[in-house]
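Asks: Just passing along the structure, written as structure tokens.
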Amino acid sequence: MLLGPALGLSAVLFSLGVAGVVLRRNAIVLFMCVELMLNAVNLAFVALAQVYGVGGYLIVFFVMTVAAAEAAVGLAIILAVFRHHQSIDLQNINLLHG
Amino acid sequence: MTLPLLAVQGADEVSGSGLGAVRLAWLTIALPLLGVLVNGALAFVRPRARALVSLVGPGVLLGAFAVSVAIFFELRAHPPEAPLIVTLWPWLHVGDLRIDLALQVDQLATVMLLVVTGVGSLIHIYSVGYMGEDPGYARYFAYLNLFVVFMLILVLGASLPVLFIGWEGVGLCSYLLIGFWFTDKTNADAGKKAFLANRVGDFGFLIAMFLLWQTVGALDFATILARAPTVLSTAAATWITLFLLLGCTGKSAQIPLYVWLPDAMAGPTPVSALIHAATMVTAGVYLVARTGVLFALAPGTGLVTAGIGALTALFAATIGLRQYDIKKVLAYSTISQLGYMFLGVGVGGYTAGIFHLVTHSFFKALLFLGAGSVIHALHHAYHATHAHDDAQDMRNMGGLRRWLPVTCTLMWIATLAIAGVPPFAGFFSKDEILAAAFARGAEQPIYYLFYGMGALAAFLTAVYMARLMAMTFHGTTRLGEAQQAHVHEAPASMTGPLVLLAFLSLTGGALNLPAFAGGHEGLEHWLEPVTRAATALRPLTLPTGATEDTLLAAAVAIAVLGLWIGFRTTLGRPVLPASIAPPDTGLARLLNRKYYVDEIYDALLVRPVVWLSDKVLWRVVDQGLVDGLLVGGGVVGTRWLGRLGSRLQSGQVGLYVLLFLVGAIWVLNAILG
């Protein structure tokens with residue numbers, strides 16, 4: 019039973035993802051960081067499923083499905099943004115600022 | 049025809065009478081209301097349908113008069129000891145407060161019913177001729193009918209709140225009719241002045257009602273009058289009646305609130321006759337008589353009432369001496385005569401006050417309608433000759449007897465009646481009031497002073513009325529040659545009512561013919577069930593024998609001497625037409641300008657209020673506080689908060705995520721920690 023290390027790894031991966039989302043400006047990298055966060059959560063679910071039953075596995079499949087859909091939509095958005103701005107640097111994409 | 053909720057209380061006392069007419073008392077109100085609806089609709093839809101308006105307007109009044117006569121005969125056949133209450137439907141049932149929309153039919157209400165619908169009918173008929181060419185004909189009759197509706201609610205109301213509906217309603221109609229020709233600003237202003245002066249009085253009326261509710265715990269007359277002698281202290285009764293009196297001084301144009309009535313002459317002349325002479329302005333006298341028990345419990349208020357009445361009678365009579373507008377003379381005369389009525393009810397002579405109210409409604413309506421006939425004739429003459437002189441200024445008249453013989457004769461009858469020459473109606477009623485004041489003098493000598501003021505006012509009444517007649521109908525005419533050809537007597541619809549009113553002015557004294565004239569004081573006995581409770585608390589013994597004869601002789605001498613002096617002095621000097629007449633000087637100027645009371649009120653009351661509204665309420669409170677601090681402050685605060693919020697919307701996704709994260713951790717901490 020590697021529950022402790024598994025959850026620790028999950029936390030580390032999630033934090034890396036958050037840091038990437040907050041700090042990085044490239045939309046593709048940011049997008050990858052989001053995927054990293056999702057997979058960190060998946061890892062936690064898989065680990066906890068060993069204690070609490072198969073519900074955790076089920077949720078992982080849902081998350082993977084949503085993540086795949088999200089990847090399709092997100093990449094399409096990034097493509098559209100690039101066509102419009104000739105850039106995917108999020109610092110320049112701030113039309114909605116107050 | 050009965051309403052579903054109709055019930056007559058006290059009916060068992062009139063066993064076997066059936067009470068057919070009393071049950072129909074609501075018809076006297078409903079019929080004029082029908083007139084309001086029809087005429088009001090016509091005013092909007094078919095303003096030119098004069099024939100229908102002429103039929104409906106006076107017709108509904110005649111119907112109401114017929115019902116009133118039926119009620120009178122029923123009450124005469126079976127005189128009730130207590131008022132008959134006709135409950136129409138429940139109105140306000142809140143907690144202990146139970147007010148029904150109920151009518152009260154008793155001897156006093158019947159007298160008022162007959163006066164309002166009887167004199168009202170005559171004036172409505174007169175209006176057909178007088179207002180016939182006015183473009184607002186239908187609107188005029190709608191207002192006039194509405195006035196009668198509210199006046200009848202006023203006299204029939206079985207409780208103070210119901211009476212108050214009528215009280216406010218007649219004020220509204222008065223306002224509407226004073227400003228009937230509202231395109232002229234002075235007329236509209238006169239209407240507003242009447243309304244505002246009455247608001248001051250209404251404030252007193254409301255306070256009196258609150259106090260009555262607090263002390264007596266009831267607002268219907270039957271309960272108030274039954275409970276008041278046991279539960280009311282003299283101080284409480286005094287406060288209540290003083291506030292009631294304030295209401296009465298507003299509605300009945302007494303000092304200090306009389307100032308609206310002379311200006312109210314801006315309305316059509318039949319309106320002046322109906323509302324501002326015969327009926328509405330007597331509402332105050334009616335109210336004092338109706339709540340006579342309360343006034344009897346507060347002798348102090350009786351003194352104030354009598355004092356105000358005597359002072360008003362004298363004060364207004366002196367102003368009447370020097371007015372040139374024929375309607376203004378009559379307006380001050382009305383104020384003066386109302387003062388007599390207040391003197392009468394103030395000393396406890398309720399019958400005397402009501403008697404003078406009735407006779408006054410006859411001869412003053414006649415005087416106003418006669419004056420209307422003169423104005424009508426002169427207006428036509430000026431109109432036909434394209435002259436622009438004032439058709440109401442007596443300085444432009446003179447010698448009109450030649451062209452208006454009928455009007456002249458009838459107005460002389462009214463003049464003799466108001467001056468108090470026997471056997472005309474005014475003699476008996478005025479004498480009774482003065483005798484009552486004199487009788488009260490035996491208890492408190494100050495009432496002798498009131499008697500003296502009343503007698504002097506009677507003298508002045510004779511003088512100004514003789515002056516009015518002399519300036520209008522006698523002497524050499526001041527009409528131009530061109531106008532003389534166009535002056536002619538009014539149509540029969542106008543002279544007919546005048547003849548009837550003249551007959552009533554001549555014979556009205558018979559209503560309460562005193563013993564010395566071979567009568568048996570019919571009105572006194574008629575009203576006895578109503579006034580009994582009040583007179584028992586504050587008895588009044590009228591003088592008899594030698595004292596009575598002396599008072600009578602003095603009254604007759606005063607009247608005849610006054611008429612003679614007024615007539616001689618007016619005709620003794622040439623009167624110049626208004627356009628070339630020099631302004632008055634000295635005392636005459638003071639009287640002509642009405643003691644500058646309007647100017648004094650303007651300086652003391654109107655201007656401070658205007659100043660306060662302008663400099664403080666508008667500039668400081670409205671502009672500074674409301675607009676500046678509240679509205680403006682709100683704007684600044686919102687803008688500042690908005691700026692702060694928009695700072696957060698940097699457009700940097702990373703920042704949003706960070707904030708989201710902080711928030712998520714905080715929420716998780718709150719839930720789990």
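The listed protein sequences correspond, in order, to chains Z and W. The numbers in our numbering rise by one with no breaks, and the one at position 52 of the first sequence is 70. The numbers in our numbering rise by one with no breaks, and the one at position 580 of the second sequence is 628. Note that CB positions come from ideal geometry on N, CA and C, so glycine has one too.
#1: How is the beta strand (DSSP E) around Val547 of chain W delimited, first residue to last?
#2: Quick test of your reading: Thr158 of chain W and Ala112 of chain W, contact by CB under 8 Å. State the CB separation rounded to the nearest angstrom.
#3: Just mark Phe63 of chain Z as buried or exposed, buried being the case when its beta carbon has 16 or more other beta carbons within 10 Å.
#4: If we ignore side chains and look at the alpha-carbon of each, how far apart do Val39 of chain Z and Val683 of chain W end up?
#5: Please go through the same chain and pick out, in chain order, the residues whose beta-carbon is closer than 6 Å to the beta-carbon of Lys233 of chain W, but skip the five residues on each side of it.
#6: Can you list the residues of chain Z that Leu706 of chain W reaches, using a CB-CB cut of under 7 Å?
#7: Measure from the alpha carbon of Ala485 of chain W to the alpha carbon of each residue in W:Phe708, W:Phe92, W:Pro591, W:Ala626, then state which is nearest.
#8: With a CB to CB cut of under 6 Å and the five nearest residues on each side skipped, what residues in its chain are close to Ala732 of chain W?
#9: Where do the N-terminal and C-terminal ends of the beta strand (DSSP E) with Ala150 of chain W fall, by residue?
#10: Which residues bound the beta strand (DSSP E) around Val72 of chain Z?
#11: When the distance is taken between beta carbons, is Gln152 of chain W closer than 8 Å to Phe269 of chain W?
#12: How close, in whole Å, do the beta carbons of Leu267 of chain W and Leu208 of chain W come, if the pair is a contact with beta carbons under 8 Å?
#13: Hey, could you find the ends of the alpha helix (DSSP H) Thr330 of chain W is sitting in?
#14: Taking the alpha-carbon positions, what's the Thr633 of chain W to Ile303 of chain W distance?
#15: Please report the residue range of the alpha helix (DSSP H) in which His428 of chain W lies.
#16: Going by C-alpha to C-alpha distance, which of W:Val341, W:Ala256, W:Tyr185 sits closest to Thr583 of chain W?
#17: Using 8 Å as the limit for Cβ to Cβ distance, is His102 of chain Z near chain W?
#18: What residue from W:Trp261, W:Trp460, W:Ser300, W:Ala301 has the CA that sits closest to Ala284 of chain W's CA?
#19: Residues of chain W with CB closer than 8 Å to the CB of Gln109 of chain Z, please, in chain order.
#20: Can you pull the chain W residues whose beta carbon is under 8 Å from the beta carbon of Met114 of chain Z, in chain order?
#21: Three-state secondary structure (DSSP) at Pro138 of chain W?
#22: Among W:Gly557, W:Ala325, W:Leu149, W:Pro493, whose alpha-carbon lies nearest the alpha-carbon of Gly214 of chain W?
#23: Determine, using beta carbons only, whether Leu720 of chain W comes closer than 8 Å to chain Z.
#24: For the segment 27-57 of chain Z, which residues have a beta carbon sitting closer than 7 Å to at least one beta carbon of chain W?
#25: Is the separation between the beta-carbon of Ala91 of chain W and that of Ala186 of chain W shorter than 8 Å?
#26: With distances taken Cα to Cα, identify the nearest neighbour of Met328 of chain W among W:Asn246, W:Met179, W:Arg691.
#27: Run through DSSP, which three-state label would Asn110 of chain Z get?
#28: Counting beta carbon pairs with one atom in the segment 560-575 of chain W and one in the segment 418-432 of chain W, are three or more of them shorter than 8 Å?
#29: What residues in the segment 647-670 of chain W bring their beta carbon closer than 9 Å to a beta carbon of chain Z?
#30: Ordered along the chain, which non-local residues of its own chain (more than five positions away) have a Cβ less than 6 Å from that of Thr463 of chain W?
#31: Sort W:Leu391, W:Gly721, W:Ile383, W:Val658 by Cα distance to Ser477 of chain W and report the nearest one.
Replies: Concretely, from the data shown:
#1: Val547 of chain W -> not in any beta strand (DSSP E); alpha helix (DSSP H) instead, spanning 540-555.
#2: The Cβ separation is near 13 Å, so there is no contact.
#3: buried
#4: 38 Å
#5: none
#6: Val40
#7: W:Pro591
#8: Outside the shown range of chain W (49 to 721) lies residue 732 of chain W, about which nothing can therefore be said.
#9: 145-153
#10: No beta strand (DSSP E) holds Val72 of chain Z; DSSP gives it neither H nor E.
#11: yes
#12: 5 Å
#13: Premise fails: Thr330 of chain W is in no alpha helix (DSSP H) and is neither H nor E.
#14: 25 Å
#15: 398-432
#16: W:Val341
#17: no
#18: W:Trp261
#19: Gln700
#20: Checking the sequence, you will find Leu at residue 114 of chain Z rather than Met. Those are Gln697, Gly699, listed as they occur along chain W.
#21: strand
#22: W:Leu149
#23: no
#24: Val36, Val39, Val40, Leu41
#25: yes
#26: W:Asn246
#27: coil
#28: no
#29: none
#30: Met513, Met517
#31: W:Leu391
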